[in-house]
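Okay, so here's the structure we're looking at.
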Amino acid sequence: AKLIKKVAYEVFEQTGLNPKLEIALELERIALEEDYFISRKLYPNVDFYSGLIYQAMGYPTDYFTVLFALGRMPGWLAQWEEMVTDESQKIARPRQIYTGPDERPYVPIESRKASVTA
Numbered sequence: 004a005k006l007i008k009k010v011a012y013e014v015f016e017q018t019g020l021n022p023k024l025e026i027a028l029e030l031e032r033i034a035l036e037e038d039y040f041i042s043r044k045l046y047p048n049v050d051f052y053s054g055l056i057y058q059a060m061g062y063p064t065d066y067f068t069v070l071f072a073l074g075r076m077p078g079w080l081a082q083w084e085e086m087v088t089d090e091s092q093k094i095a096r097p098r099q100i101y102t103g104p105d106e107r108p109y110v111p112i113e114s115r116k117a118s119v120t121a
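So the sequence shown is numbered by this note's numbering: it starts at 4 and just counts up by one.
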């Protein structure tokens with residue numbers, strides 16, 4: 004996170020800070036200085052800083068989850084490929100094994116029914 008924090012500040016030098024970024028940076032300061040966060044080892048992570056960079060670059064916050072995931076895709080795919088091709092891996096993590104339907108038809112969003120969970 005230290006490297007991307009440095010990059011974030013370089014981006015801020017070019018884009019300037021907006022009020023939301025100033026609030027986020029104050030939250031970062033508190034997390035790094037307050038005993039509550041320090042005792043629980045709660046520190047800003049890579050996504051905290053990459054989110055600030057995306058904000059400074061003008062990306063809508065709706066894009067953040069996709070942008071976070073894109074950076075992880077190569078690792079996820081490499082791990083999956085290793086799991087399915089390496090016969091020496093006899094135990095897979097249960098949450099990594101998909102047990103749902105093989106194929107489902109696409110349903111346009113306007114035709115979907117809302118599910119309610121209690």
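Ideal placement from N, C-alpha and C gives every residue a C-beta, glycine not left out.
Remark: C-beta atoms of G54 and F67 approach each other more closely than 9 Å.
Taking the CA atoms as reference points, G78 sits about 16 Å from D50. Per DSSP, the unbroken alpha helix (DSSP H) holding Y12 starts and ends at 5 to 18.
Check the Cα spacing between G19 and each of R75, P108, G61: the tightest is with G61.
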